[in-house]
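Undergrad: Before I ask anything, here is the structure I am working with.
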Amino acid sequence: MLVYAKMYERDTFHLVESLKQELFNLNNQIILLLPPIEVLSKRFQKRGDPIQNLISLKQLHKLFSEFEEEYGSLPNVTVIKKEIDDYDYKSIVGRYLAMEQHTTIHQFPAMCINAANTQDDKEVIGLKLTYFDDGKFTDVIPELLEYKGEKEYYLKIREKLHYKMMQNHADGQDASSRRIIYHDDSCISLAHFLIRKQMFDAKFFLRSSNVKDTLKYDINFIHFLTKQVYQHYHCKQPVKIEVTLNSAHICDRID
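If you want it as structure tokens, here you go:
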């Protein structure tokens with residue numbers, strides 16, 4: 017839609033923003049098929065097209081190439097620039113299956129670094145990731161919780177959330193409460209937990225994240241904090257964790 021809007025000189029602002037929402041959700045995987053113009057021309061001459069001609073086909077190819085230049089380096093975009101055979105197809109499918117089965121939370125920071133590096137100012141607004149846990153939290157790495165630069169900060173969050181849960185209990189709020197929440201104006205600014213029969217839902221909002229230097233520690237802590245709440249309420253159901261990085265950046269000058 018964005019490419020055709022550009023081609024016909026329509027307003028593209030809302031299309032660009034909608035596209036970024038999709039691209040910056042790292043659960044989404046985008047495949048861009050961009051064969052050489054010679055391949056497209058041969059197919060056009062063989063099959064024809066009721067809408068396009070060779071001139072418009074070249075215009076479209078140029079616009080899709082510009083899209084590839086701008087977004088093709090994102091960690092969740094795969095660009096294919098040739099005709100593929102069965103072997104290529106199986107390799108691509110195999111790679112996606114491996115990602116689905118073996119990706120862990122600790123690969124998220126590297127994906128965020130790659131995403132931020134694609135931007136001129138090294139900042140992406142609104143990166144998102146949703147992942148699931150069976151309630152065992154085997155991905156938590158205890159050593160990362162001892163990182164000197166964040167250890168006291170993490171303890172402050174844990175104490176504040178624990179106080180909130182104790183306060184809820186004193187007010188007669190049980191595990192189904194909507195008040196299991198931590199909020200602050202620091203980098204990890206919101207953590208909200210909803211405990212329901214079918215799902216333990218945890219949402220985190222980071223107003224600012226230095227993805228190169230601290231995110232690997234923060235994402236591990238987020239998983240650990242979820243584990244603490246999960247065990248505090250003696251939960252048994254599957255866990256869904258959603259993380260939003262409102263400013264995912266590399267530049268040190270961005271606060």
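According to our numbering, the sequence shown is numbered sequentially starting from 17.
Using N, Cα and C, we set each Cβ at its ideal position, and we do this for glycine too.
Have a look at 178, 212, 203 and flag the residue whose alpha-carbon is nearest the alpha-carbon of residue 193.
TA: 212
Undergrad: Report buried or exposed for residue 55, applying the criterion of at least 16 other Cβ atoms within 10 angstroms of its Cβ.
TA: The Cβ neighbour count for residue 55, taken over all protein chains shown within 10 Å, is under 16; the residue is labelled exposed.
Undergrad: My assumption, with CB atoms under 8 Å, is that residue 19 sits in contact with residue 83. Please give the rounded CB distance.
TA: 6 Å
Undergrad: Given a cut-off of 8 Å, decide if residue 257 and residue 190 are closer than it, judged by their beta-carbon atoms.
TA: Contact: no.
Undergrad: Measure the C-alpha to C-alpha separation of residue 99 and residue 21 and round it to an integer number of angstroms.
TA: When rounded, the distance between both Cα atoms is 27 Å.
Undergrad: Run through DSSP, which three-state label would residue 267 get?
TA: Coil at residue 267, not helix or strand.
Undergrad: In the structure shown, what three-state DSSP assignment does residue 191 receive?
TA: coil
Undergrad: Can you tell me the Cα-Cα spacing of residue 123 and residue 225, whole angstroms?
TA: 15 Å
Undergrad: Report the partner residues of residue 94 according to the DSSP bridge assignment.
TA: 47
Undergrad: If you follow the beta strand (DSSP E) that residue 199 is in, where does it begin and where does it stop?
TA: 197 to 199
Undergrad: With a 10 Å radius around its C-beta and 16 neighbouring C-beta atoms as the bar for buried, classify residue 97 as buried or exposed.
TA: exposed
Undergrad: On the criterion of 16 or more Cβ atoms from any shown chain inside 10 Å, does residue 254 qualify as buried, or is it exposed?
TA: Residue 254 counts as exposed, since fewer than 16 other C-beta atoms from the protein chains shown sit within 10 angstroms of its C-beta.
Undergrad: Where does residue 230 land, buried or exposed, given buried means 16+ other C-beta within 10 angstroms?
TA: buried
Undergrad: What are the start and end residues of the alpha helix (DSSP H) that includes residue 232?
TA: 231 to 248
Undergrad: What runs of the beta strand (DSSP E), each 3 residues or longer, lie entirely inside the stretch 62 to 107?
TA: 93 to 96
Undergrad: With DSSP as the reference, label residue 167 as helix, strand or coil.
TA: helix
Undergrad: What is the rounded straight-line gap between the Cα of residue 118 and the Cα of residue 112?
TA: 10 Å
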